[in-house]
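Trainee:
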Amino acid sequence: MTPSDEELLMLRTLAATPVPSPDALACAAWLDGRSDECASAAVETALAADPVLALALLALRSCAPEPVPARELARVRSLREPPGRDWRALLRAWTPARAALALACCASVIGVGLGDTLAQAQLRREQAALAQFAFGDDPFQEADR
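Per the working numbering, the very first residue in the sequence shown carries number 757; after that it's consecutive.
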């Protein structure tokens, strides 16, 4: 089937008149088949006027997209969602920090209690030594028994 003279003349007329090239989103919508009639007509007019654009879009149409692995899709969705939406993920992220904080609090309570006990024992020894030096006897001897 060969084009008629009228079709060739119409194509040459369209090619002679300057046609604005469509934007990338209009071309992508046309490739996906999601553009409305007006946008499709504008893209098709631009394709008829510009053979380089037509070849580029036809090459893009023949490319098959590679499927995205589910793991990468989940990662992208997690980056897109704010952290407050999934409280379990937030809980998993904060669990090591909470454990470290609890350990630090327990260690400080134990350390303060142990330090206080050791300080009281040291004070009793110093009081006993001072009492023995001053009075010659140990006033805490009865309390220890």
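Where is the CB? At the ideal position from N, CA and C, for every residue including glycine. Keep in mind it's a predicted model, so treat the numbers as computed, not measured.
Is the stretch 799-817 in contact with the stretch 782-791, if contact means three or more CB pairs nearer than 8 Å?
Mentor: In short, these stretches touch, since the Cβ pair count reaches three.
Trainee: Among residues of its own chain, excluding the 5 on either side of Pro807, which ones have a beta-carbon nearer than 6 Å to its beta-carbon?
Mentor: Counting only Cβ-Cβ distances below 6 Å, and skipping sequence neighbours, we find nothing.
Trainee: For Val868, does the three-state DSSP call read helix, strand or coil?
Mentor: Note: Val868 maps to helix in three-state DSSP.
Trainee: Taking the alpha-carbon positions, what's the Arg833 to Thr873 distance?
Mentor: Cα to Cα, the separation comes out at about 55 Å.
Trainee: Once DSSP output is grouped into helix, strand and coil, what is the label at Arg790?
Mentor: Note: Arg790 maps to coil in three-state DSSP.
Trainee: Specify the secondary structure class of Val908 as computed by DSSP and reduced to three states.
Mentor: It is not possible to answer for residue 908, since the shown part of the chain is limited to 757 through 901.
Trainee: Whole angstroms are fine: how far does the CA of Ala887 sit from the CA of Gly869?
Mentor: So the two alpha carbons sit approximately 27 Å from each other.
Trainee: Reducing DSSP to helix, strand and coil, say where Met757 ends up.
Mentor: Residue confidence for Met757 is low, a pLDDT of 39 falling below 50, so the modelled location carries little weight and cannot support an answer.
Trainee: Just checking my contact of Ala797 with Ala782 at CB under 8 Å: how many whole Å lie between their CB atoms?
Mentor: Not quite, the Cβ-Cβ distance comes to about 11 Å (not below 8 Å), so this is no contact.
Trainee: If you drop the 5 nearest sequence neighbours on each side, which residues of the same chain put their C-beta closer than 7 Å to that of Leu813?
Mentor: Correct list, in chain order: Cys783, Leu787 and Leu803.
Trainee: How many Å lie between Pro776 and Thr851 at the Cα?
Mentor: Each residue's alpha carbon lies about 58 Å from the other.
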